[in-house]
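Reading through the structure tokens given below for one structure.
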Amino acid sequence: MKRIIRKYGPPIFHCINDFGQGSLAALIPFFIANFGLNYYQSASIIFCNTVVASVAQPVLGYVADRWRVPWFIPVGFTVTLVSISAMALATSYEMILALSLLAGVGAALFHPEAALLVNRTQSHEIGNAMGRFAVGGSAGFALGPFIAGGVYVFGGQFLWVFTLIALLGVLLYLYAFMGEGEADTDDTDIADSADTGNRESRAKVLSTGTNDWVSFGKLFFVIASRSILFSVLAIFIPILYITVINGEAGASSLALTAYFTMGAVLTYMGGALSDRLGFLKTVRLGYLIFLPSVLVFIFVPNIWGFFGAMIPMAFGVFSQYGPITVLGQKYLAKNAGFASGITLGLGITLGGLVAPYVGHLADIYDVQTALMTLIPVGVIGLLMSFWLKEPK
1 MKRIIRKYGP PIFHCINDFG QGSLAALIPF FIANFGLNYY QSASIIFCNT VVASVAQPVL
61 GYVADRWRVP WFIPVGFTVT LVSISAMALA TSYEMILALS LLAGVGAALF HPEAALLVNR
121 TQSHEIGNAM GRFAVGGSAG FALGPFIAGG VYVFGGQFLW VFTLIALLGV LLYLYAFMGE
181 GEADTDDTDI ADSADTGNRE SRAKVLSTGT NDWVSFGKLF FVIASRSILF SVLAIFIPIL
241 YITVINGEAG ASSLALTAYF TMGAVLTYMG GALSDRLGFL KTVRLGYLIF LPSVLVFIFV
301 PNIWGFFGAM IPMAFGVFSQ YGPITVLGQK YLAKNAGFAS GITLGLGITL GGLVAPYVGH
361 LADIYDVQTA LMTLIPVGVI GLLMSFWLKE PK
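At position 107 of the sequence shown the residue is numbered 107 (the UniProt record's numbering), and the sequence of numbers has no breaks.
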């Protein structure tokens, strides 16, 4: 039983952590209604959540490369979810901003060390394991809005359910990974591959790996482009549903859940597709599909265009997640923790830094015009992906 939890624990913890990240975007209409916020102020909530994570995650990734800090995992997702729960007590916009920032600290703690946990415990199947880990995060983003939607029925006090989820996650972590040297052994590897020579060979590959900082620098532009697409859409899907499609505020969180549910499936598909096409070809295909579909999504103002275009648009955003993560680790073979801090952490949060400016455009013009900024962002990501070469 414990070995099964060790195998599936990292994606479960990723799901738990990203409950909080996903729910925050779904709560934006709730905050608008209760605090009278404009679009710029609403997007600034996401900005506060992501600005600290964007700065801290690469640093914490470096720390995870140098020292063993497994406690970052339960502390990280606990801080994230308890901060979301505490928003039930918020009496001002400033308190929401502070709690959003604190949730970002939790996410920054979680991602680098969690990715290294996958490497340490499942090195014999790192491709599949990292794919499961990425799907766990996408599932969290899908379930977060669904759970957060309870505030539209039961009120703000419903948010305390996130603290209960965090507690269950901590208990699961303590059962599976504490007290038996979780960071030092690859249990499933020992069970499935008793050949010591294979393990020594893997260790040799890790010790002789090289860092290709030039390629990783180019990849960063691809990461940033995807992050902006991810974050801006997460914020504005419920807003577009209310303002353009004329949907109800309570149902807007379900629209976001539908988007992230597609994302969980398409993240897995992207990983499988990259095994056939290659990592970079999968990334390029994602951008090529995204660009026309987002135009339909924005400018076909009915429910059929909204959800019909959402499927290929979600493929464009989510299919890149796994391939980008693997590319980062291959380009920085000696600093997997730092690379994970960028690809898994910063790759999600960085776009939140841009979101307030898109919100400001929506205040000046309208939501549809503001979302047109996603077109040049997608073009930049596509062009930069053609500048990269598959790692050796």
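Just so it is clear, CB atoms sit at the ideal spot from N, CA and C, and this is done for glycine as well.
Because the structure is a prediction, the values reported are computed rather than measured.
Comparing alpha-carbon positions, the option among Gly-381, Gly-247, Gly-144, Ile-96 lying closest to Val-317 turns out to be Gly-381. For Ala-336, the uninterrupted alpha helix (DSSP H) run begins and ends at 336 to 340, by DSSP. Straight-line measurement puts the Cα of Phe-110 at about 31 angstroms from the Cα of Trp-387. 8 angstroms or more divides the Cβ of Ala-249 from the Cβ of Tyr-39.
Ranking Gly-352, Lys-330, Leu-240, Leu-327 by CA distance to the CA of Ile-298 puts Leu-240 first. With respect to Ala-53, Glu-113 sits apart: the two C-beta atoms are not nearer than 8 angstroms.
Sequence-distant Cβ neighbours of Tyr-62 in its own chain, meaning closer than 8 angstroms and more than five residues away, are Asn-335, Gly-337, Phe-338, Gly-341.
The Cβ-Cβ distance between Tyr-259 and Ala-309 does not fall below 8 angstroms. According to DSSP, residue pairing for Leu-332 in a beta bridge involves Asn-211.
Ala-88: not part of any alpha helix (DSSP H); DSSP gives it neither H nor E. Boundaries of the alpha helix (DSSP H) around Asn-17: 2 to 26.
Using a C-beta cut-off of 8 angstroms, the segment 278 to 287 makes no contact with the segment 73 to 89, since fewer than three inter-stretch Cβ pairs fall below that distance. Spatial neighbours of Gly-378 in its own chain (CB-CB distance under 8 angstroms, excluding positions within 5 residues in sequence) are listed in chain order as Ser-225, Leu-229, Tyr-287, Phe-290, Leu-291, Val-294, Gly-316. The segment 162 to 171 and the segment 45 to 52 do not touch, with fewer than 3 CB-CB distances between them shorter than 8 angstroms.
In the DSSP annotation of this structure, the continuous segment of the alpha helix (DSSP H) that includes Ile-380 starts and ends at 374 to 386. Uninterrupted alpha helix (DSSP H) stretches at least 4 residues long and entirely within the segment 266 to 343 occur at 279 to 299, 303 to 318, 321 to 331, 336 to 340, given in chain order. Residue state for Pro-70 is assigned as coil, using DSSP reduced to three classes. In this structure, the straight-line span from the alpha carbon of Met-87 to that of Ala-103 is close to 11 angstroms. With 16 or more other CB atoms across the displayed protein chains lying within 10 angstroms of its CB, Asp-18 is buried.
Of the residues assessed, Asn-302 falls on the exposed side of the cut-off, its CB having fewer than 16 other CB atoms within 10 angstroms. Less than 8 angstroms divides the Cβ of Gly-322 from the Cβ of Met-130. Under the 10 Å beta carbon count, Ala-148 is surrounded by 16 or more other beta carbons and is classified as buried. Nearest neighbour of Thr-50 by Cα position, chosen from Phe-306, Gly-36, Ser-227, Gly-352, turns out to be Gly-352. The C-beta distance from Pro-145 to Ala-33 rounds to 16 angstroms, too long to meet the 8 angstroms contact threshold. Between the alpha carbons of Tyr-175 and Ser-85 lies a gap of roughly 25 angstroms.
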